[in-house]
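What follows is one structure encoded as structure tokens, with my remarks underneath.
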Amino acid sequence: MSTLTVYNTRTRQKERFEPIEPGHARVYSCGPTVYAAQHLGNLRPYLFADLLRRALEAEGLRVTHVINITDVGHLTSDADTGEDKMERAAARAGRKASEIAAFYTEKWLLDRRRLNCVPPEVLPKATEHIPEQIALAQILEAKGYTYRIADGLYFDTRKFPRYAEFARLDLEGQEAGARIGDVPEKHQPADFALWKFPVAGVERQQEWDSPWGRGFPGWHLECSAMSVKYLGKSFDIHTGGVDHIRVHHTNEIAQSECAFDVHPWVRYWLHNEFYEFGGEKMAKSTGNVLLLEDLLERGFEPLAFRYFFLQGHYRQQQSFTLEAMEAAATGYRRLLAHAAEVRGEKGEPDRGRIAPLQARFREAVRDDLNAPRALAVAWEVTRSPELSPADKRSLLLEFDRWLGLGLATEEPRTASRESDPRIDALLARREAARATREFATADRIRKELEAEGILVEDTPEGPRWRRR
Ligand code: AMP
Ligand code: ZN
2 MSTLTVYNTR
12 TRQKERFEPI
22 EPGHARVYSC
32 GPTVYAAQHL
42 GNLRPYLFAD
52 LLRRALEAEG
62 LRVTHVINIT
72 DVGHLTSDAD
82 TGEDKMERAA
92 ARAGRKASEI
102 AAFYTEKWLL
112 DRRRLNCVPP
122 EVLPKATEHI
132 PEQIALAQIL
142 EAKGYTYRIA
152 DGLYFDTRKF
162 PRYAEFARLD
172 LEGQEAGARI
182 GDVPEKHQPA
192 DFALWKFPVA
202 GVERQQEWDS
212 PWGRGFPGWH
222 LECSAMSVKY
232 LGKSFDIHTG
242 GVDHIRVHHT
252 NEIAQSECAF
262 DVHPWVRYWL
272 HNEFYEFGGE
282 KMAKSTGNVL
292 LLEDLLERGF
302 EPLAFRYFFL
312 QGHYRQQQSF
322 TLEAMEAAAT
332 GYRRLLAHAA
342 EVRGEKGEPD
352 RGRIAPLQAR
362 FREAVRDDLN
372 APRALAVAWE
382 VTRSPELSPA
392 DKRSLLLEFD
402 RWLGLGLATE
412 EPRTASRESD
422 PRIDALLARR
432 EAARATREFA
442 TADRIRKELE
452 AEGILVEDTP
462 EGPRWRRR
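When the sequence shown is numbered by my numbering, its final residue is 469 and no position is left out of the sequence of numbers.
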């Protein structure tokens with residue numbers, strides 16, 4: 002029996018995880034909308050889902066993990082208005098929507114590999130599941146849950162009495178404060194599009210024929226249609242960012258529970274909190290974002306970002322700062338150095354000595370995936386005077402099944418300190434520019450040095466450089 006407990010948004014409490022089918026955990030994670038690069042905030046849901054997946058596997062469960070790729074229908078507004086993010090990005094770049102989608106999907110997959118995320122079993126694309134989405138909307142229509150207006154086919158939320166339950170919504174309040182810019186013909190503000198008709202005069206690349214006319218699926222539909230295909234009518238765990246609770250996940254539940262006559266459709270709903278950056282949510286819309294690539298350019302190892310992620314609990318909002326990232330990188334390098342030191346140990350560990358630490362590490366992970374606590378146990382191992390090098394090797398490599406920090410394989414990077422008066426002077430100028438927030442100048446200096454093959458690394462002790 003699994004002893005993993007998770008905080009379930011559906012019941013607002015921590016619960017012991019029991020899969021529907023013994024020995025098999027079925028998990029669905031809302032995936033990226035591939036119209037732009039995924040920033041560090043966007044990567045948090047996948048690091049979190051990966052930690053969950055590893056924990057489930059460590060419980061001896063077979064895992065079927067589905068992460069969808071949204072490549073159509075996600076509008077710039079949650080209220081079924083605005084532009085399609087994919088179409089807009091394609092028009093701006095003068096490219097095909099499919100090319101944009103392929104490009105950013107690849108980038109995201111590369112980031113996942115760099116971060117040591119275990120590949121999911123299925124990565125379904127919305128555009129490759131249009132018939133499934135139409136079929137689902139037809140079921141809902143046949144059961145009387147829909148209505149048609151000039152804008153598209155809509156789900157009538159009044160027909161689903163549990164609609165407000167999941168997110169504890171105040172629908173009357175919503176009615177009073179109906180959003181300006183919403184689709185005027187909608188019966189209730191909460192109603193949402195299953196199928197959208199293109200706006201007259203707006204050229205679209207991605208449209209399909211349907212029983213209701215040419216158009217494209219509403220964004221929420223794909224998750225219901227693809228999860229049933231790969232995981233069945235009811236499954237174990239659904240993950241996503243906290244921002245999805247009120248609209249996207251609420252709508253997924255409405256579609257699936259009404260179409261498949263199940264309740265609860267998903268047993269455990271797990272949501273990760275945001276990363277803040279510069280005092281607000283890291284978000285593409287405000288532009289306050291950093292990409293994993295930006296961290297690599299600054300000399301960080303990708304897995305140092307995974308370490309940063311593990312330092313916080315997934316349900317806690319966290320501020321991302323470069324200073325905190327420096328601290329995480331230092332911690333990561335030290336932990337890796339400890340692991341590298343004992344990696345080659347051939348001796349057998351002492352079972353009695355390592356058992357209590359194994360138990361405490363597992364307890365931490367089993368307690369709603371408490372990564373910071375688990376990481377603290379790993380640190381305790383490195384410091385323990387009682388444990389032999391073989392004990393340490395055995396423990397650290399075992400812990401890395403969950404942590405995914407490459408403790409068995411990665412080479413610790415040592416920032417060597419070279420000296421060259423000209424380069425040191427340039428770096429001093431760059432520091433001065435950074436201190437006065439002249440980031441363009443600072444960036445220019447770093448790029449000039451890079452062009453010469455000099456890599457600059459910012460460390461807590463100040464910038465260091467090395468030759469490529
Ligand atoms: P978006 O591209 O905004 O649709 O977001 C894709 C996923 O990333 C969603 O699951 C969001 O909840 C999540 N997300 C977006 N911004 C952040 C952030 N700053 N911190 C954590 N997760 C985020
Ligand atoms: Zn979804």
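We put the beta carbon where it would ideally sit given N, CA and C, even for glycine.
Burial state of residue i, where buried means 16 or more other Cβ atoms lie within 10 Å
i, result
"D51", "buried"
"G95", "exposed"
"A201", "exposed"
"H40", "buried"
"H264", "exposed"
"L397", "buried"
"G74", "buried"
"S257", "buried"
"S78", "exposed"
"D425", "exposed"
"V343", "buried"
"L111", "exposed"
"V366", "buried"
Start-to-end residues for the alpha helix (DSSP H) that takes in residue i
i, result
"V229", "222 to 232"
"D425", "422 to 436"
"R467", "R467 -> not in any alpha helix (DSSP H); beta strand (DSSP E) instead, spanning 463 to 468."
"K108", "98 to 115"
"R393", "Inspection of the sequence shows that residue 393 is occupied by Lys rather than by Arg. Element bounds for K393: 390 to 404."
Close Cβ partners of residue i (< 6 Å) along its chain, the five nearest in sequence each way excluded
i, result
"L1", "Nothing in the structure corresponds to residue 1, since the chain is present only between 2 and 469."
"L195", "A138, L154, F156, G219, L222"
"S228", "Y29"
"F161", "A255, C259"
"W209", "I131"
"N252", "F193, H221"
"K126", "I70, D72"
Length of the line joining the Cα atoms of residue i and residue j
i, j, result
"A379", "F49", "19 Å"
"R418", "R467", "The predicted model places R418 with a pLDDT of 48, which falls under 50 and marks its position as unreliable; any figure quoted below should be read in that light. Each residue's Cα considered, the two are about 7 Å apart."
"H188", "E173", "13 Å"
"R169", "H250", "12 Å"
"Q472", "K282", "With the chain covering 2 to 469 only, the question about residue 472 has no answer from this structure."
"E19", "L450", "55 Å"
"A91", "E84", "12 Å"
"E16", "F310", "23 Å"
"P350", "E294", "39 Å"
"A284", "A38", "11 Å"
"A434", "E458", "16 Å"
"N371", "A143", "45 Å"
"E302", "D421", "25 Å"
"T4", "Y269", "15 Å"
"G405", "N117", "6 Å"
"V35", "G353", "50 Å"
Near the ligand AMP: residue i beta-carbon under 8 Å from a heavy atom
i, result
"G348", "no"
"F278", "yes"
"G241", "yes"
"K108", "no"
"H75", "yes"
"R445", "no"
"T82", "no"
"H40", "yes"
"A90", "no"
"N117", "no"
"P121", "no"
Contacts around residue i, its chain only, beta-carbon distance under 7 Å, and the 5 residues preceding and following it disregarded
i, result
"Q312", "A329, P373, L376"
"S211", "I135, W196"
"Q175", "P190, A191"
"I455", "I424, W466, R468"
"A443", "R431, A434, R435"
Closer than 8 Å: residue i CB and nearest the ligand ZN heavy atom
i, result
"H314", "no"
"H249", "yes"
"E253", "yes"
"H245", "yes"
"N69", "yes"
"E387", "no"
"H130", "no"
Delimiting residues of the beta strand (DSSP E) encompassing residue i
i, result
"I371", "The sequence given here has Asn at residue 371, not Ile. Segment: none, N371 is in no beta strand (DSSP E) and carries neither H nor E."
"I455", "455 to 460"
"W266", "Neither: W266 is in no beta strand (DSSP E) and is coded neither H nor E."
"T12", "Where T12 is concerned, there is no enclosing beta strand (DSSP E), given that its DSSP letter is neither H nor E."
8 Å Cβ shell around residue i - same chain, five flanking residues per side excluded
i, result
"P46", "S30, C31, T240, G241, G242, N273"
"G233", "R27"
"H245", "C31, H272"
Cutoff 9 Å: residue i Cβ touching any chain C Cβ
i, result
"T4", "Within the model displayed, chain C is absent; a lone protein chain is all it includes."
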